[in-house]
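Working notes, structure below.
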Amino acid sequence: MNIYVGNLSYEVTEEELRQEFGAFGEVTSVNIIIDKYSGRAKGFGFVEMASVSEGQAAITGLNGKTLKERTL
1 MNIYVGNLSY EVTEEELRQE FGAFGEVTSV NIIIDKYSGR AKGFGFVEMA SVSEGQAAIT
61 GLNGKTLKER TL
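Numbering (full-length UniProt numbering), first residue to last: 1 to 72.
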């Protein structure tokens, strides 16, 4: 299941997202979108979970959670 993650802090790393989502199951990939001109994160990304049930658990558990002073 591919999950859109919005309102990310520009300082959040892919590893930090992997750890947050990993609490709910197997994370198969993490991709933070980077601006090709500035090289900075755009403030959103995608996390792919191994199963739909794990993805739903992550959405329920992390929706509204604060990560680096930004609410997911």
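Ideal Cβ positions, reconstructed from N, Cα and C, are used throughout, including at glycine.
Straight through space, the alpha carbons of Gly-64 and Thr-71 are spaced by roughly 5 Å. Within the UniProt domain "RRM" (1 to 72), the complete beta strand (DSSP E) segments of 3 residues or longer fall at 2 to 5, 27 to 34, 41 to 49, listed in chain order.
Between the alpha carbons of Thr-13 and Ala-58 lies a distance of about 18 Å. With a cutoff of 8 Å on beta-carbon distance, Gly-55 and Leu-8 are scored as not near each other. The straight-line gap separating the alpha-carbon atoms of Met-1 and Ser-53 is approximately 9 Å.
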